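Engineer:
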Amino acid sequence: MNSLTCWMCGAEANSSEHRLKKSDIVRAYGRGPYNGDYRPLHVRTGKLTAIQGPNSRTIKYDANLCHICNTTSSQPYDVSYDLFIEWVFRNESLVLRRRFVNFDEVFGPDFPLHQLNLYKYFAKSFGCRLIDAGQAVPEDVRDLFGKEQFQTALRITFSVNEDVLAMPASDRDGFIGKSDLTAMVQRNDPTQIDGFIFNEHVSWFTTHYWYAFAPDGNLGAAWVADSQHIYLGSHEPLSPEERAEMIEKLSPRRAD
Ligand SMILES: [Zn+2]
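If you read the sequence shown in my numbering, its first letter stands for residue 98, the second for the next number, and so on.
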């Protein structure tokens, strides 16, 4: 598989997936163009880039999918994700109090199909992240898209980033991004990659990906496509000193 091949179906790749989901950017910042003080900045490996609008090339991957896989085939996944994430933030205080989500409440009676499509949304996001890092997408992930039942080593957990939650809502709503991809290698042969870990976030809502690697239970209960509930974990990436510094930096703006 080379970089000009769609990783989902093997056809010619001519379509670019967003690194950050367009609807997440639009929800936080509007449709653009973005300018002035509230322009979103994209942070990638320490480099800041101002983005001009939700279709900015800065926030797209290189083409690694074909047009059909990136639009027609994956549209139901995007629909389920948008319904899900909008529900979470519309019911933010309820979700934070209960720390679980019941898909029946999010999607109604069609929840089994939607939760399957939601899982495929995350699997696609995971695959695009791997390709971007120069890694092949494992076969069990590539093969699951056309199936209703499948076995895969990809586990997903969700957690609340308590540091982001401590920010004023106006600051945390624009906090959208992805972590670096971590590959787990074999101790006796570091060229052999065993598993991958990465996460992405919209505000405090953090999605963790665990491929062939046991999830950290503090970061939520492992979710696969066939379970109706997700149970959120909790994490505080900042040290107490860093958290105090962040609150200090944000507080003068809050007083305005
Ligand atoms: Zn394709």
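All residues carry an ideal CB built from backbone N, CA and C; glycine is no exception. All values derive from a computational prediction rather than experimental measurement.
Do you know how far the Cα of Val-257 is from the Cα of Lys-190?
Structural biologist: As written in the sequence, residue 190 is Ser, which differs from the Lys given in the question. The straight-line gap from Cα to Cα measures roughly 12 Å.
Engineer: Just to confirm, does Ile-165 get its C-beta within under 7 Å of one of the non-hydrogen atoms of ligand 1?
Structural biologist: Ile-165 Cβ: within cutoff of ligand 1.
Engineer: May I ask you to report which of helix, strand or coil DSSP gives Pro-312?
Structural biologist: Three-state result, Pro-312: coil.
Engineer: Less than 7 Å between C-beta atoms, sequence neighbours within five positions excluded: which residues of the same chain meet that for Phe-197?
Structural biologist: Closer than 7 Å at Cβ, skipping near neighbours: His-326, Ile-327, Tyr-328, Leu-329.
Engineer: For Met-105, verify whether its CB is less than 7 Å away from any heavy atom of ligand 1.
Structural biologist: Met-105: yes, Cβ under 7 Å from ligand 1.
Engineer: Any contact of the segment 209 to 218 with the segment 175 to 182, i.e. 3+ C-beta pairs under 8 Å?
Structural biologist: Counting Cβ pairs under 8 Å, three or more are found: they touch.
Engineer: Quick check on this structure: which residue in Ser-276, Lys-275, Gly-274, Phe-293 has the alpha carbon closest to the alpha carbon of Gln-283?
Structural biologist: If we check each option's Cα against that of Gln-283, Phe-293 comes out closest.
Engineer: In whole angstroms, what separates the C-alpha of Val-185 from that of Cys-103?
Structural biologist: So the two alpha carbons sit approximately 32 Å from each other.
Engineer: Note down, in chain order, each residue of its chain lying with its Cβ closer than 8 Å to the Cβ of Lys-157, except the 5 sequence neighbours on either side.
Structural biologist: Cβ neighbours of Lys-157 beyond the five flanking positions: Ser-113, Glu-114, His-115, Arg-116.
Engineer: Note down, in chain order, each residue of its chain lying with its Cβ closer than 6 Å to the Cβ of Gln-248, except the 5 sequence neighbours on either side.
Structural biologist: Closer than 6 Å at Cβ, skipping near neighbours: no residue.
Engineer: Between the beta-carbon of Cys-166 and the beta-carbon of Met-105, is there less than 8 Å?
Structural biologist: Yes, the pair counts as a contact, with Cβ atoms nearer than the cut-off.
Engineer: Can you give me the Cβ contacts of His-332 inside the same chain, cut-off strictly under 8 Å, excluding the 5 residues immediately before and after it?
Structural biologist: Answer for His-332: Ser-256, Val-257, Asn-258, Glu-259, Thr-303, Asn-315, Leu-316, listed in chain order.
Engineer: Flag Leu-329 as yes when its Cβ comes closer than 7 Å to any non-hydrogen atom of ligand 1, and as no otherwise.
Structural biologist: Flag unset: Cβ of Leu-329 not near ligand 1.
Engineer: When you compare only the Cα positions, how much space is there between Gly-243 and Met-343?
Structural biologist: For Gly-243 and Met-343, the distance between alpha carbons rounds to 45 Å.
Engineer: In the DSSP assignment, find the beta strand (DSSP E) that holds Phe-295 and state where it starts and stops.
Structural biologist: From DSSP, the beta strand (DSSP E) with Phe-295 extends over 286 to 299.
Engineer: Can we count Ala-322 as close to ligand 2, meaning its CB is less than 7 Å from some heavy atom?
Structural biologist: The ligand content of the structure shown is limited to ligand 1, which means ligand 2 is not among them.
Engineer: Taking 7 Å as the cut-off, is the beta-carbon of Leu-162 closer than that to any non-hydrogen atom of ligand 1?
Structural biologist: Indeed, a heavy atom of ligand 1 lies less than 7 Å from the Cβ.
Engineer: Let's test the definition: count the other Cβ atoms within 10 Å of the Cβ of Asp-159 and tell me whether it reaches 16, buried, or not, exposed.
Structural biologist: By the 10 Å Cβ count, Asp-159 comes out exposed.
Engineer: Are there 16 or more other CB atoms within 10 angstroms of the CB of Ser-267, so buried, or fewer, so exposed?
Structural biologist: That one is exposed.
Engineer: Can you round the beta-carbon distance between Tyr-216 and Val-299 to whole angstroms, since I take them to be within the 8 Å contact cut?
Structural biologist: Actually they are not in contact, since the Cβ atoms of Tyr-216 and Val-299 sit about 17 Å apart, beyond 8 Å.
Engineer: Bridge partners of Tyr-328, per DSSP?
Structural biologist: For Tyr-328, which the question treats as bridged, DSSP gives the partners Phe-197.
Engineer: Report yes if the CB atom of Phe-208 is closer than 8 Å to the CB atom of Phe-219, and no otherwise.
Structural biologist: No, the pair does not count as a contact, with Cβ atoms beyond the cut-off.
Engineer: Given 7 Å as the limit, tell me if Ala-230 has its C-beta closer than that to any heavy atom belonging to ligand 1.
Structural biologist: No, since every heavy atom of ligand 1 falls outside the 7 Å radius drawn around the Cβ of Ala-230.
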